[in-house]
Amino acid sequence: MRYGIIGNCKSAALVHENSSIDWLCLPNFDNPSIFAKILDEEGGHFRIVPKTEGRIRQSYLPETNVLRTEFDDGQNAFSVVDYMPRHRVADRYWHPPEVHRVLEPIRGRPEFRVQFFPRLNYAEGVSNLDIQGNMACVRHGQEDVFLYASLPLDQVLGNGFYSLERPEFFLLSYHEQLATPDIVRVLEERAKTEAYWRTWSSRCRLPAVAPQAVLRSALVLKLMTFQETGAIIAAPTTSLPETVGEGRNWDYRYCWLRDASLMLEALASVGHHEEAETFLSFLLDILESKQSRVQILYRIDGGTHLEERVLPHLRGFRNSPPVRVGNAAATQRQNDVFGEVLEALYQYSEARGVEHLAAGHWSLVKFLVRTIAAQWREEDSGIWEYRNRKAHFTFSKVLSWVALDRGTRIARSLGKDMLVAEWEGLARQIREEILAKAWNPALQSFTQSYESDVLDVALLRMQGMGFLESTDPKWISTVRRCAADLLRDGFGFRYTATDDFGRPKNSFVLASFWIAKALVSIGEISRAEEIFEKVLAHANHLGLLSEHIDPETGELVGNFPQAFSHMALINTANLLAKSRESPLSP
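Numbering (numbering that gives the first Met the number 0), first residue to last: 0 to 585.
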């Protein structure tokens, strides 16, 4: 995945190492695409092409999400700086649905041409281009996109090359015709955007282990937040296959309550708590009625309708269909979600002080605890979202216990003693059932589901969630058994058993990090560091990670960049740093 990401907490674009914008949805993350070449060669793209080939270097401006691509043929050199504006204006954020591209000469007399092929609405139908001087309008049905430039577009968008003698710009704007922008305004927006990201980065507390990888991961996670509601997406892409050719292609441009909760904990660990406040407001808004069923994921505007459909006209990444939009997992029951959200609420109250929990937060706690109390005994689809299987998944039961435990702690801190005894009693009951039904004496390990012989990397969160002590022999045995079964050449798998599509072929980045963290907990720090470093070595040229790694080729695959992966990188780096400060004993 030779891509960088730019964004402004409203939408995001993937920019190839050769400067081509191959994925962009406007105005928001989950709207139809403007460019989708990553999913089909004819899906649309926007590329700046140098006249002569040479060295290409792509990097982020330090401590920002502003991306710079440099072309150098030895005699002539220039750069393309890409960003989406984001900065404060008075008491609000300015983050318009725009992409800015600034071209700057470095040396010699570089020449370039432009490939501008927008294909609106997932490249379905015809997008009409109308050029008027320094502005072009692209229309498709009721949608339109405007391209502005400091150069005459009727010349630049032709087939010829254009000489770059001074800084020039292209500005892409969605559905809004602007007063003609100029280079001064664009450079001001760039300076303000750079300043915003550097200020945000300066507030990050970075560990001694892999500090720059942690900072880049934090910047990626921040890009996944949706400013307007507080929702957090799992990834900005859809249908980049987990394994090319298998159909494991899903739309991740939505807010999973589990993923968002885990991301908030990672951001809080590096000093950013404001994202938790806005996400909790999002939760309160979507669950306001307290009568509807809690979904595991929502649209970023809080909507509940995520009908999944296939776009057959798109051939898919590397001709690996289907391309899906929407996500049918929204209809699943996954009982672990309640524990994840309540853990995030508890950690927020611990970090900020219980006085920061509003009355609405306490109502949310009661609603979530009472919901899981009523349904924890039922089978569910599990954290890995099996589509054709339900079971008594151990991780779902453990997180049901977490929900009761964290609810009890919050209740006690707020003086709500009437509920403490009831919730503590139910938590005890859940714990006893897990210990009785999820332990496999023959394997000397907890297993994926009750009375099973399948191992699952999610089991390796049992200690971190407080369900088991790190010195518990059953925990130590489970860690060692899972590491032996789920590691392949140093890469972690979620499980190795057959699922809806057969046996998984590619490793899961999150699994590698969870195995590393579990090994730290039993004192096997050197081994954990090896796994951590191996994953870092397979990040792309910008330090970005997808959801999966092909263990045979080392290639990144799956939706990209993946929030789960970067969240786990941050948490693992923090744990390794702490273990160096005060080594743990098994």
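Where is the CB? At the ideal position from N, CA and C, for every residue including glycine.
- In this structure, M134 sits near Y147, with a CB-CB distance shorter than 8 angstroms.
- Of the candidates L261, F145 and P320, the residue whose Cα lies closest to the Cα of E241 is P320.
- Burial check for V88: the Cβ neighbour count within 10 Å stays below 16, so the residue is exposed.
- Rounded to whole angstroms, the Cβ separation of S399 and F337 is 7 angstroms, and the two are in contact under 8 angstroms.
- Contact between the stretch 214-234 and the stretch 68-80 is not established, with fewer than three Cβ pairs separated by less than 8 angstroms.
- Looking at the backbone, the Cα of G359 and that of L283 are separated by about 7 angstroms.
- The Cβ atoms of L25 and I37 do not sit closer than 8 angstroms to each other.
- Taking 4 residues as the minimum length, the alpha helix (DSSP H) runs contained wholly in the stretch 198-265 are 210-222, in order along the chain.
- Here the alpha carbons of R388 and P61 stand approximately 46 angstroms from one another.
- Taking each of F77, W22, N17 and S18 in turn and checking the Cα distance to F559, the smallest one comes out for W22.
- Q331 carries a coil assignment under DSSP once its states are collapsed to helix, strand and coil.
- In the three-state reduction of the DSSP assignment, R298 falls in the coil class.
- 8 angstroms or more divides the Cβ of R197 from the Cβ of V269.
- The bridge partners DSSP lists for Q131 are M134.
- Spatial neighbours of P550 in its own chain (CB-CB distance under 6 angstroms, excluding positions within 5 residues in sequence) are listed in chain order as R487, D488, F490 and S506.
- With a cutoff of 8 angstroms on beta-carbon distance, T407 and F445 are scored as not near each other.
- For the pair of segments examined, the stretch 37-48 was found to touch the stretch 1-19: the number of CB pairs separated by less than 8 angstroms reaches three.
- For T236, the number of other beta carbons within 10 angstroms of its own is at least 16, and it is reported as buried.
- Where C481 is concerned, there is no enclosing beta strand (DSSP E), although the alpha helix (DSSP H) around it starts and stops at P472 to L485.
- DSSP places Y494 in the coil class of the three-state scheme, outside both helix and strand.
- Within the DSSP secondary-structure output, Q57 pairs in a beta bridge with T68.
- Looking at the backbone, the Cα of L454 and that of V534 are separated by about 22 angstroms.
- Using a Cβ-Cβ distance cut-off of 8 angstroms, the stretch 184-197 and the stretch 249-263 are not in contact, since fewer than three pairs of beta carbons, one from each stretch, lie closer than that value.
- Apart from the 5 residues on each side of it in sequence, L13 sits with its Cβ closer than 8 angstroms to the Cβ of Y2, G3, I4, I20, D21, W22, L23, I37, P235, T236 and F559 in its chain, given in chain order.
- Below 8 angstroms, too few C-beta pairs join the stretch 473-481 and the stretch 413-426 to call them touching: fewer than three.
- Taking C-beta atoms as the reference points, A515 and I530 count as a pair closer than 8 angstroms.
- A distance below 6 angstroms between beta-carbons, with the five flanking residues on each side excluded, links F115 to the following residues of its chain, in chain order: F45 and L156.
- By a beta-carbon distance limit of 8 angstroms, P109 contacts F77. Their separation comes to about 4 angstroms.
- Counting along the chain, no alpha helix (DSSP H) covers G3; the unbroken beta strand (DSSP E) around it starts and ends at Y2 to G6.
- Proximity to P503 across E432, G246, A217 and S348 peaks at G246, based on C-alpha coordinates.
- Between M0 and L261 the beta-carbon gap is near 22 angstroms, outside 8 angstroms, which marks them as no contact.
- Taken through DSSP and simplified to helix, strand or coil, Y449 comes out as coil.
- The three-state reading of DSSP puts I521 in coil, since its state is none of H, G, I, E or B.
- The three-state secondary structure of F168, taken from DSSP, is strand.
- In this structure, the CA atom of V243 is about 23 angstroms from the CA atom of L541.
- R427 carries a helical assignment under DSSP once its states are collapsed to helix, strand and coil.
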